[in-house]
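Written below as structure tokens is the structure these notes are about.
In the working numbering, the protein residues as written are 144 to 560.
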């Protein structure tokens, strides 16, 4: 739930040598995939530690056994990545940034802590931005940009987990050869996944990009690049665009026509005053009515799911549930995501006391949200990644595909049975 995991360098290397992917793709008890990251927030110390005891990987909390875990196999297509150039200072942080189970990428977090001087420039110092990353529940995620127009204009959302200022190096789609490289990475992924591609999802996500289309034209080019390399779009379980609502509904039609089956437009904060306080930018000043209009139109257009997100821990819970119910009443499920104290979130925590919600508080919130979904006959979000998905709490379990399941994992499951 955003606390991260501690792991020794020796065990980390051993996992790599054995063919595991040692980032947050971690299989927990009761078939729940945990979106955990190692040393996720720089100097913050997690109470959870990964150990190997008698051949079994385990998580211990404050020195006491917590749960057995298993890790995903490291996919072969991981070799098809985009190398991000180092800045003048060089050297990458060992921190790992995680976007609630979606990003799942070894990406340096920049400095260990957010500087007291807010005018200080934070830069990512190295690592890799992947063409295609692997989400917790058999999902492929594509980030055409790691930057956001609001960060560039220095009015970023105060809870943003992505550290550093917006710079052209992070606008990946503008870099020469990026779309061609993306096509090659997707080709490698599809070849490796094979007949199990139907168990996988494809999600395209980015910070808000400049323009009234909010980046829709770039999202369309992503699918065009895939089609150009493969000759078709993979028949995944869904192809989702995560995007701020475009100002003109023609872009919703364009996304659908390009091949997107689902769309997710994240409200993040529901109450008007809280929106403006947490998002001091154009998104924060967009009325909820804009989202409701976009949701209703999208439900007419897209064959799959229309969804949104609200973040727990940074807003009044009653108002959050009011929003959850309003969206459910029109058939739009909401991902309830815990606030993560990373990036700008560190500063927000210092200034307001906002923190990662406890597991008990999230369970209570899920209880209330579940009742709302049942009341409106609205299914939980069909979202393949992380504990932000209410579907997990409501008992729907999604199984990993064999192609990303390590042989040792299957042996442990068989032994337990």
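Glycine included, C-beta positions come from ideal geometry on N, C-alpha and C.
Item, Value
"In angstroms, rounded to a whole number, what distance separates the CA positions of residue 214 and residue 380?", "23 Å"
"Going by the CB atoms, is the gap between residue 337 and residue 546 shorter than 8 Å?", "yes"
"If residue 476 and residue 437 are in contact, beta carbons under 8 Å, what's the gap, nearest whole angstrom?", "Contact flag wrong, Cβ pair sits at about 15 Å."
"Evaluate residue 170 with the Cβ neighbour count: other Cβ atoms within 10 Å of its Cβ, from every protein chain shown; 16 or more gives buried, anything less gives exposed.", "Note that residue 170 has pLDDT 47, beneath the 50 cutoff, so the model's placement of it is unreliable and the number below is only indicative. The residue in question, residue 170, is buried, as its Cβ has 16 or more Cβ neighbours within 10 Å."
"What's the call for residue 244, buried or exposed, on a 16-neighbour Cβ count within 10 Å?", "Caution applies to residue 244, whose pLDDT of 33 falls short of 50 and renders its modelled position unreliable; the value that the coordinates give is listed next. Flag for residue 244 reads buried."
"Decide if residue 467 is buried, meaning its Cβ has at least 16 other Cβ atoms within 10 Å, or exposed.", "buried"
"In chain order, what residues of the same chain lie with their CB nearer than 6 Å to the CB of residue 303, ignoring the 5 residues before and after it?", "486, 487"
"Output the distance between the C-alpha atoms of residue 197 and residue 375, rounded to the nearest integer angstrom.", "47 Å"
"Judging by CA-CA distance, which residue of 514, 357, 399 is the nearest neighbour of residue 444?", "399"
"Using the three-state DSSP reduction, which class does residue 452 fall into: helix, strand or coil?", "strand"
"What ranges does the beta strand (DSSP E) occupy inside the segment 298-376, keeping only unbroken runs of at least 3 residues that lie completely in it?", "344-349"
"Mind checking residue 473: buried by the 16 CB within 10 Å criterion, or exposed?", "exposed"
"Looking only at its chain, what residues have a beta carbon closer than 8 Å to the beta carbon of residue 195, apart from the 5 residues adjacent to it on each side?", "154, 157, 201"
"Closest to residue 396 by CA distance: which of 418, 359, 427 is it?", "359"
"With a CB to CB cut of under 6 Å and the five nearest residues on each side skipped, what residues in its chain are close to residue 417?", "458"
"Look at the alpha carbon of residue 226 and the alpha carbon of residue 273, and state the distance between them as a whole number of angstroms.", "Since pLDDT at residue 226 reaches only 49, below the 50 mark, its modelled position is unreliable, and the value read off the structure follows with that caveat. About 8 Å."
"Check the DSSP bridge columns for residue 284 and list the partner residues they point to.", "276, 346"
"Leaving out five residues before and five after residue 406 in sequence, what residues of the same chain have Cβ atoms less than 6 Å from its Cβ?", "384, 441, 445, 449"
"Sort 419, 152, 508, 211 by Cα distance to residue 299 and report the nearest one.", "419"
"List, from N- to C-terminal side, the alpha helix (DSSP H) runs of 4 residues or more that fit wholly inside the segment 381-411.", "393-401"
"Quick one: grab the DSSP three-state call for residue 289.", "coil"
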